[in-house]
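**Student:** Pasting a structure below so you can have a look.
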């Protein structure tokens, strides 16, 4: 069985995090051959984010630095330490439907990276800044 790490960078996302964690398709992932670890990278939340993560029994790490970039770097290092075979990164605000990660993983095959597109290739003019487009 391959080891999948689902990485969730968070900052004050208690409500969104609960929604996302409750929708991770563990049974489907197991049927696909993945043992799943959920890793919540917290940028010093002041709401109930840590308690939500703890209540769901996921791996919770309070970042040393703040910012999403730091969370992602630290999260990938942590995934390597956990001997992950694959990493899926989701936003904890429900931007991406967690059950769609199975579609990404089906396309992984012999590729190093698979990127999803929540916009399906279309976006209204000026709906997102260049910085947020990443």
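In this note's numbering, the protein residues as written are 1114 to 1247.
All residues carry an ideal CB built from backbone N, CA and C; glycine is no exception.
Fair warning: this is a prediction, and the values are worked out from it, not measured in the lab.
On the three-state DSSP scale, how would you describe residue 1191?
**Tutor:** Taking the first residue of the chain shown as 1, we reach residue 1191 at position 78. Helix.
**Student:** May I ask you to list the residues that DSSP assigns as paired with residue 1116?
**Tutor:** Position 3 of the chain shown, counted from the first residue, corresponds to residue 1116. According to DSSP, which records beta bridges pairwise, residue 1116 is partnered with 1148.
**Student:** Hey, out of 1145, 1140, 1137, 1121, whose CA is closest to residue 1222's CA?
**Tutor:** Within the chain shown, numbered from 1, the residue matching residue 1222 stands at position 109. Closest by alpha carbon: 1145.
**Student:** DSSP on residue 1174, reduced to helix/strand/coil?
**Tutor:** For the purposes of this step, residue 1174 is identified with residue 61 of the chain shown, where counting begins at 1. DSSP places residue 1174 in strand when its eight states are reduced to three.
**Student:** From which residue to which residue does the beta strand (DSSP E) around residue 1133 run?
**Tutor:** As a first step, residue 1133 must be located in the chain shown, where it is residue number 20. Per DSSP, residue 1133 belongs to no beta strand (DSSP E); it is in the alpha helix (DSSP H), 1127-1134.
**Student:** In the DSSP assignment, the alpha helix (DSSP H) including residue 1165 goes from what residue to what residue?
**Tutor:** Looking up residue 1165 in the chain shown gives position 52. Per DSSP, residue 1165 belongs to the alpha helix (DSSP H) from 1162-1168.
**Student:** For my contact list, residue 1217 and residue 1200 are in at a C-beta cut-off of 8 Å; report their separation, rounded to the angstrom.
**Tutor:** Taking the first residue of the chain shown as 1, we reach residue 1217 at position 104. Taking the first residue of the chain shown as 1, we reach residue 1200 at position 87. Residue 1217 to residue 1200, Cβ: 11 Å. No contact.
**Student:** State the Cα-Cα distance for the pair residue 1122 and residue 1177, rounded to the nearest angstrom.
**Tutor:** In the chain shown, the residue the question calls residue 1122 occupies position 9. In the chain shown, the residue the question calls residue 1177 occupies position 64. Going from the Cα of residue 1122 to the Cα of residue 1177 covers about 13 Å.
**Student:** Between residue 1214 and the rest of its own chain, which residues show a CB-CB distance below 6 Å, the 5 nearest in sequence each way excluded?
**Tutor:** Residue mapping note: residue 1214 aligns to position 101 of the chain shown, counting from 1. Once the five neighbours on either side are set aside, the close Cβ partners of residue 1214 are 1201.
**Student:** Quick check on DSSP: helix, strand or coil for residue 1221?
**Tutor:** Translated into the one-based positions of the chain shown, residue 1221 becomes position 108. Here residue 1221 sits in helix by DSSP.
**Student:** Alpha carbon to alpha carbon, what distance is there between residue 1204 and residue 1141?
**Tutor:** The sequence position of residue 1141 within the chain shown is 28, counting from 1. The sequence position of residue 1204 within the chain shown is 91, counting from 1. Spanning the two alpha carbons is a distance of roughly 20 Å.
**Student:** Going by DSSP, name the residue or residues bridged to residue 1122.
**Tutor:** Taking the chain shown and counting its residues from 1, one reaches residue 1122 at position 9. DSSP output for residue 1122 lists 1154 as bridge partner(s).
**Student:** Per the DSSP calculation, residue 1202 is bridged to which residue(s)?
**Tutor:** Your numbering for residue 1202 matches position 89 in the chain shown. Partner(s): 1120.
**Student:** If you pair each beta-carbon of the segment 1184-1201 with each one of the segment 1160-1167, do three or more pairs fall below 8 Å?
**Tutor:** Output reads no: the segment 1160-1167 does not touch the segment 1184-1201.
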